[in-house]
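For reference, each letter of the sequence shown is one residue, going 1 to 413 in the numbering used here. Idealized CB from N, CA, C, for every residue including glycine. Nothing here was measured: the structure is a model prediction, and the numbers come from that model. Report on the structure given below.
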Amino acid sequence: MTRDGAGSVSRRTFALSAGLGLGSAAAFSPSANAGQGGVSVDDLVAGRASGPDGARLQAAVDEAIRRDVRRLVIPPKAGGYLLTAPIVVPPAGGGLEILGAGPAGELRCEAGDAGIVVQAHRVGLSDIHLAGRGRFFKQTGVVFRKSRNPDDVDASVQNCQFSDFGAGVSFEGRGLRFSDNRIVSCETGVRLDWPEDVSETDPVLQRLPYGYRKITLFRNYGHNVSVMFRNVSSHPIVGAQISDNHVDVGRAFWFGPISHSIIGPNIARNCKRIPIFIIGECAGVRISGLYGGLPEPAAGGEAVHQPSLGLYFKGEVRSLTLDVSLTDLGRGGVVFAGNVEGADVRIAYDAAAAMRSDRFVRFRGDADNVFMKLIFPRTMNGSMGVAVDGELTGGDLALLARSGRGVDAKEEK
């Protein structure tokens, strides 16, 4: 990972392997990393030229921590590295950055629950390619988990690739910068677990050097991923920014609780299930981007999918801004399962075939102060209605209901 004078992270050229039909692997230059002050694994374990790959890499991590090396470089190796147990970065490894060799030094996880386990704060991973045994083996590429003060993880993962895992990354904490990565053939791309309890005996959180202290998921690519980003905790992710990601062939883009965050703009196409599924109360969220099925036949004989809906809000919604383009949906565009209080909704829709419903947006509860604009071809007039099962008050949606223009609702009180 290199930085320019403004502190921004420069991007390495990358591509997926030719076996995926997405380009050839990019070359890696270890000399460039050496010029940045990195220390090679081979230099740290010079006396262990032979032996299992995993043991040598673990010894290099331990030695880097002992010598206070800040940047550890994994050199290229023909055939990659075989791991039979996780490489562990212990709590003493805070601030360590590990640079891989990209596809020229792939870490193949043949056994164990994970490829890398990070128990320290402010650890960075860059240009690391990890491959698992398959998405149904419940392996995880990288696990970030601290036994004390999980709020203080502050990890960075950039320009990495995770393939054939149950989860590419499992992260327990509140500070993750995850950018320019590839997730291929995984059940879950990034599994987020938002800490709900921090012990009073843990050290003060806001101490120098300050970390990210928020979830930022930028410019990542997912292919054949069931769920790209999932929050498995019952508490909503707060203050997240999930932008400029691209997913093709998958079930969902986001699943779980989220609040006071930004989702978009992103692209999630050819989804099998609902691209965005939000659980629990959703307040102060802004969503934008392109989500849905695939309007044209896919090249190479790949299956074409049509999700039932574009977005589903399972709980109460408050102060929502929704500005999305949706494509090829089966039963409707958006469902609000709970009450909605304050929403600005703008949806553009296009499809190759008509939906199996005449209600594009459905409010199963009350809708208060909702403003809505639907944009679609004139030929779809018959399937672009709005239904409000509860009470409808305020907003231009109530005006449309009174005028009889495509809104089915109870009378306003």
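Query: Same chain, Cβ closer than 6 angstroms to Ala167, five either side skipped, listed in chain order; Result: Thr140, Thr188, Arg191
Query: C-beta contact flag for Asp323 and Phe363 at 8 angstroms; Result: no
Query: Short Cβ contact (8 angstroms threshold) for Leu83 with Arg56; Result: no
Query: Close Cβ partners of Tyr210 (< 7 angstroms) along its chain, the five nearest in sequence each way excluded; Result: Unreliable placement is indicated for Tyr210, whose pLDDT of 45 sits below 50; the coordinate value is still reported in the next sentence. Cβ within range, chain order: n/a, list empty.
Query: CA-to-CA distance, Leu72 to Val89, given in whole angstroms; Result: 12 angstroms
Query: Neighbourhood of Asp326 by C-beta distance below 7 angstroms, restricted to the same chain and skipping five residues each side; Result: Per the sequence shown, the amino acid found at residue 326 is Leu instead of Asp. Excluding positions up to five away in sequence, the list reads Tyr291, Gly292, Gly310, Gly333, Ile347, Tyr349.
Query: Contact under 8 angstroms by Cβ, Ala252 with Phe218; Result: no
Query: Range covered by the alpha helix (DSSP H) that runs through Glu63; Result: 53-66
Query: Val249 - containing beta strand (DSSP E), residue span; Result: 246-256
Query: N- and C-terminal bounds of the beta strand (DSSP E) containing Asp344; Result: 340-350
Query: Coarse secondary structure for Phe137, derived from DSSP in three states; Result: helix
Query: DSSP beta-bridge partners of His129; Result: Gln161
Query: C-alpha distance - Pro75 paired with Thr216, whole-angstrom precision; Result: 29 angstroms
Query: Delimiting residues of the alpha helix (DSSP H) encompassing Val41; Result: 41-44
Query: With 16 other Cβ atoms within 10 Å as the buried cut-off, status of Ala111; Result: exposed
Query: Helix, strand or coil at Asp366 [DSSP, three-state]; Result: coil
Query: Segment limits, beta strand (DSSP E) that includes Asn231; Result: 221-231
Query: Secondary structure of Asp193, DSSP reduced to three states; Result: strand
Query: Paired residues, beta bridge with Asp323 - DSSP; Result: Ser288, Arg346
Query: Beta-bridge pairing of Lys373 - partner residues as DSSP gives them; Result: Arg346
Query: Helix, strand or coil at Ala268 according to DSSP, with G and I counted as helix; Result: strand
Query: Ser259 beta carbon less than 8 angstroms from that of Val238; Result: yes
Query: Which listed residue (Cys186, Phe137, Met372, Leu125) has its alpha carbon closest to that of Leu176; Result: Leu125
Query: For Asn266, the nearest candidate out of Ser288, Val61, Lys272 (CA to CA); Result: Ser288
Query: Euclidean distance between Cα positions of Gly385 and Val361; Result: 7 angstroms
Query: Beta-carbon spacing of Val123, Ala155 below 8 angstroms; Result: yes
Query: Pro103 burial status per 10 Å Cβ neighbour count (16 or more: buried); Result: buried
Query: Range covered by the beta strand (DSSP E) that runs through Gln241; Result: 241-243
Query: Proximity winner among Asp164, Ser185, Phe144, Phe165, relative to Phe178 (alpha-carbon distances); Result: Phe144
Query: Beta-carbon proximity list for Ser163, same chain, < 6 angstroms, skipping 5 on both sides; Result: Ala131, Val184, Ser185
Query: Ile263 vs Ile242 beta-carbon contact at 8 angstroms; Result: yes
Query: Assigned exposure category for Asp127 - 16 Cβ within 10 Å defines buried; Result: buried
Query: Straight-line gap, Ala114 to Val142 (C-alpha atoms, nearest Å); Result: 6 angstroms
Query: Residues near Gly105 by beta carbon distance below 8 angstroms, same chain, minus five either side; Result: Phe28, Ile74, Pro75, Pro76, Lys77, Gly80, Tyr81, His129
Query: Below-8 angstroms beta-carbon distance, Gly93 vs any chain B residue; Result: As a matter of chain content, chain B is missing from the structure shown, which is built from one protein chain.
Query: For Ser261, the first and last residue of its enclosing beta strand (DSSP E); Result: It is not in any beta strand (DSSP E) - Ser261 carries neither H nor E in the DSSP assignment.
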